[in-house]
Amino acid sequence: MGDQQEAKRLFTLDEARALIPEVKRITQKAYKKVQRLTGDAENLPEDSGTDPALRQEVNNVITDWLEAVTGLGCDVKGLWLVDFDSGHGYYCWKYPEHDLQHYHSYEEGFSGRMRIL
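Going by the numbering used here, the sequence shown opens with residue 128, and the numbers climb by one from there.
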């Protein structure tokens, strides 16, 4: 049985930036699958009126993406939004950003993102 009390992974800025190519590859692949299925990977179809099989397929793609990204030690905070815990806050990346260029405190979240100098 796995240890459910795994230690939280903390990242230096360099460690987080080194993972961006892999996170971006995983995210881009899932994003394109969802876009192919729905026509819009940013605004997913609402439950009402959507084919249940399509909804399930989209949910499976997103679940696989979430598991792959969290398997790297990252936190998924929203659709295509990935945080890297620094121990003092989060380095924050959102697809399709090219690089890791933002940070926010634990309390502020995405709306409080500041550019990393």
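The beta-carbon is built from N, C-alpha and C at its ideal position, and this holds for glycine as well.
* From the DSSP output, which residues share a beta bridge with F211? -> Y218
* Provide the residue span of the beta strand (DSSP E) that contains D167, from first to last. => Where D167 is concerned, there is no enclosing beta strand (DSSP E), given that its DSSP letter is neither H nor E.
* To do: Kindly indicate which residue of R136, Y233, G236 and Y222 has the alpha-carbon position closest to the one of I153.
  => Y222
* Terminal residues of the continuous alpha helix (DSSP H) containing D191? -> P179 to T197
* Asked: Where H225 and L244 are concerned, what is the direct C-alpha to C-alpha distance, given to the nearest angstrom?
  -> 16 Å
* Figure out for me which residue from N187, L140 and K135 has the closest Cα to the Cα of K160. => N187
* To do: Express the C-alpha separation of Y233 and L140 in angstroms, rounding to a whole number.
  => 16 Å
* Asked: Smallest Cα separation from A180: which of L164, A168 and D212?
  -> L164
* Give me the Cβ distance between A143 and F211, rounded to the nearest whole Å; I'm assuming they're in contact under 8 Å. => 4 Å
* Which one or two residues does DSSP pair with Y230 in a beta bridge? -> Y218 and M241
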